[in-house]
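Trainee: Starting off with a structure, shown below.
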Amino acid sequence: MVGIDFDTSHFPEDASASGFDNIGQALGSSPLLVELYLSAAETITNRMFFLGDQPAAIRWRFEPETGDSDRNRVRYDKHNVIVNGGKNRVDDDGRVMHHDSWDRKINARDFQLPTEGTYKIRVRAASRIPQRDRVVDYAIKALGEKRDQEIERNPQRRQSIERNYTGQIDHFKTSRHYDYGPGRIKIVTHLGGQPTTVAEFDVDSLDITNEGNESRRELPKVFEFPVQMNTENAGITLHYAYQVPRELENFTLQSKDDFPRPEVWVDWFEIEGPIYPSWPPPSHSRWLPSELPTDKGKRRELAVGLLKKFLPRAFRRKVSENEVGDYLKLYDAAIASYPDDSNNPDRFVESLKAPLAAALVSPHFLFLAEPTETDPQGNVVSSKLSDFEIASRLSYFLWSSMPDDQLFQAAAIGTLSGQAVRLQQVDRMLKDPKAANFTENYASQWLGIREVGSNPPVEDLFRDYDPHVEESIVRQTLAYFSDVLHNDRDILTLVDSDHELLNERLGRYYELPKIEGDYFRRVKLAPNATRGGLLTHASILTVTSNGTRTSPVKRGTWILKTLLASDPGLPVANVGEIAPKVPGIDKATVRDRLE
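Here my numbering is used: the first residue of the sequence shown is -9, the next is one more, and so on.
Structure, rendered in structure tokens:
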């Protein structure tokens, strides 16, 4: 509403009902929430207004090859910044990352930015991707030497050692682990000692040079991400984020420095900001003129005008003169506390913050109104929604945000009560980029995929499963839902289709060739494929399993509750369990046991 990005990650999660966290009857408040609301209102109003000239921007570029310890400091303005390239080798005036260990991170630390605001972090990097032949050749050489040494020590075990060697080489020849994709980087900022992940991304490029059959080298590319920074002691760390599942029998081999794996070459990384598209920024210019009046009376008139614009937006409805007057009293009390220099522009702006912060903690701002009326029998019943209440429900359902100008205008003239106008508005809203929030919030809760990661598959049993796969299977399901929604596909596409949406990581996971890039695209399935539809999505299969094996009971319950809206209820009491060690079925699947 005011153009300020505010991090709410420290707020407690909302209570849920029927799988959704936006059901009014399930939501409540607490002393902790009230304190957080007050703190948030003060923080936001303190960041709204800007007096004076635009702060000077900084642009600090860090060259990781300059040092490999915390003793290496580089001068930036008044700061001696630690720039540590870690124990990563230097190559072509950059550092090459290929492991994620404590001494292989690249970072710049121990600096303070001059101004709070939005900054941009950029990284110039490239991937170097070894082909499988390199992996196999390395394994043959290293494991062959180990085999020969073992046979020399234990010649009587030669046959067993040879068999084990052959099995290990077959692993490197056939395992999907070594169909490598591009390297990955995770950027983490540290403010006041608190780490925050800014982004994790593939270091990919469409410009590729081949070095024979040895490797695929992608040309350098600059990756850019916005980040909110303040003036606390700060740092930026680059982590190597590509994970090759560690086979226990090959752990020593895989952990060697020269074991072929995707490498990330980092030329430099930098921070620039604060970034302001205009000055004063919209959070200021939307409410105040560039030149403030000097007359005390004119300033009060300006405060009245600001409140008449701000309160209807905050409360998402028309406000009365009395309501404006109540909040104006807070301004009057604040400005009166500066009797000697009340004409000071800083004092004027500080006084405005009092009524604005009060509005941001008002129930009219924090909650959606649930209008009621009393029937002839004296019972309290729900009443018809006003046009402004309809506007709020549409916007928070589809956008997870407040109404925009078009919705406010339609509500003001009373046309949202009409079905035709509502349908027009819904069509418009679904085409807006903010509709991505509907997919993120509604689909993830309806399908239950927010639970992905709470009970992950056991690593020893499912070695292909890694954090990038986990992230990708959730994004796949959301992308699939969004594709059905925005392209108006048949509703049955949710359960059966001739296509799938995949990115490169899932393409490797499912052994589908020629899928490059971390974005999701439609992939036509073979005529006899059974992978189409949500029921075969790894995200759904994961949340309906228990980490070690599938569960037909959980999956049946999910289908009944999620797709058929038929809750089977709680399990029947005292049924007992299937005996775990009955001869003949002790190793059977759950399905076989139930049948």
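We treat Cβ as the ideally placed atom computed from N, Cα and C, and that holds for glycine.
Considering only residues of the same chain and omitting the five flanking positions on each side of Ser6, which have a CB-CB separation below 8 Å?
Mentor: Excluding positions up to five away in sequence, the list reads Ile13, Ala16, Gln435.
Trainee: Which residue's Cα is closest to the Cα of Glu3: Val(-8), Gly57, Leu26?
Mentor: Leu26
Trainee: For Gly173 and Leu292, I'd like the C-alpha separation in whole angstroms.
Mentor: Here the alpha carbon of Gly173 sits roughly 55 Å from the alpha carbon of Leu292.
Trainee: Using only alpha-carbon positions, find the residue among Thr221, Asn445, Glu506 that is nearest to Gly537.
Mentor: Asn445
Trainee: Tell me whether Thr362 sits in a helix, a strand or coil according to DSSP, three-state version.
Mentor: strand
Trainee: I'd like to know whether the C-beta of Thr(-2) is nearer than 8 Å to at least one C-beta of chain D.
Mentor: Given the protein chain composition of this structure (a single chain), no chain D is represented.
Trainee: Distance, Cα to Cα, Ser310 vs Arg545?
Mentor: 53 Å
Trainee: Kindly give me the distance between the Cβ atoms of Leu420 and Leu388, rounded to whole angstroms, as I take these residues to be in contact under 8 Å.
Mentor: About 7 Å separates the Cβ atoms of Leu420 and Leu388, confirming a contact at the 8 Å cut-off.
Trainee: Taking Tyr321 and Leu301 to be in contact with their CB atoms under 8 Å, please state how far apart those CB atoms are, rounded to whole angstroms.
Mentor: About 12 Å separates the two Cβ atoms, so there is no contact after all.
Trainee: Let me know the secondary structure DSSP gives Val256 once reduced to three states.
Mentor: Three-state DSSP puts Val256 in a strand.
Trainee: My understanding is that Gly57 touches Gly75, with C-beta atoms under 8 Å, so please give their C-beta distance in whole angstroms.
Mentor: 6 Å
Trainee: At a cut of 8 Å, does the region 139 to 147 reach the region 218 to 228 through at least three beta carbon pairs?
Mentor: no
Trainee: Can you tell which of Leu243, Ile530, Pro235 has the C-alpha that lies nearest to the C-alpha of Ala132?
Mentor: Leu243
Trainee: Measure the CB-CB distance between Ala116 and Leu209 and report whether it falls below 8 Å.
Mentor: The Cβ-Cβ distance between Ala116 and Leu209 falls below 8 Å.
Trainee: Spatial neighbours of Leu350 within its chain, please: C-beta separation below 6 Å, excluding the five flanking residues on both sides.
Mentor: Ala31
Trainee: Between the alpha carbons of Asp417 and Arg290, how many angstroms are there, rounded?
Mentor: 42 Å
Trainee: I need the boundaries of the beta strand (DSSP E) containing Pro457, first residue and last residue.
Mentor: Run containing Pro457: none in the beta strand (DSSP E); it sits in the alpha helix (DSSP H), 457 to 476.
Trainee: Near Asn203, what residues of its chain come up, given a Cβ to Cβ distance below 7 Å and the 5 sequence neighbours on each side ignored?
Mentor: Annotation note: pLDDT 47 at Asn203 (below 50); position unreliable, coordinate value reported separately. Taken in chain order, the residues that qualify are Gln121, Asp123.
Trainee: In the DSSP output, which residue or residues are listed as bridge partners for Asp192?
Mentor: Looking at the DSSP output, Asp192 sits in a beta bridge with Arg174.
Trainee: Taking Leu375 as the reference, which of Leu358, Pro366, Gly368, Ser391 has the closest Cα?
Mentor: Leu358
Trainee: Taking contact to mean at least 3 C-beta pairs separated by less than 8 Å, is the region 151 to 165 in contact with the region 275 to 282?
Mentor: no
Trainee: Mind the definition here: the region 60 to 77 touches the region 30 to 47 only if three or more C-beta pairs lie below 8 Å; say whether that holds.
Mentor: no
Trainee: Per DSSP, Pro216 is paired with what?
Mentor: Lys110
Trainee: Just to confirm before moving on: does the CB-CB distance between Asp90 and Ala189 stay below 8 Å?
Mentor: no
Trainee: Tell me the rounded alpha-carbon separation between Asp247 and Trp92.
Mentor: 14 Å
Trainee: Give me whichever residues DSSP pairs with Met87 in a beta bridge.
Mentor: BP columns for Met87 point to Val254.
Trainee: Please give me, in chain order, every unbroken run of the beta strand (DSSP E) with length at least 3 that falls completely inside the region 363 to 432.
Mentor: Contiguous beta strand (DSSP E) elements confined to the region 363 to 432 occur at 370 to 372, taking only those with 3 or more residues.
Trainee: Let's see if you can read the secondary structure: which residues bound the beta strand (DSSP E) around Thr227?
Mentor: 223 to 230
Trainee: Just the C-alpha distance for Tyr386 and Glu262, rounded to the nearest angstrom, thanks.
Mentor: Each residue's alpha carbon lies about 34 Å from the other.
Trainee: So, for Trp269: in the same chain, excluding its five sequence neighbours on each side, which residues have a beta-carbon less than 7 Å away from its beta-carbon?
Mentor: Gln44
Trainee: Which stretch, first to last residue, makes up the alpha helix (DSSP H) that contains Trp548?
Mentor: Where Trp548 is concerned, the enclosing alpha helix (DSSP H) stretches over 542 to 548.
Trainee: Taking 8 Å as the cut-off, decide whether the C-beta atoms of Ile119 and Tyr170 are in contact.
Mentor: yes
Trainee: What does DSSP give as the partner residues of Arg596 in its beta bridges?
Mentor: Absent from the model: residue 596. The displayed extent of the chain is -9 to 585, so no value can be given.
Trainee: Closest by CA to Phe428, which one among Gln409, Val314, His476, Glu363?
Mentor: His476
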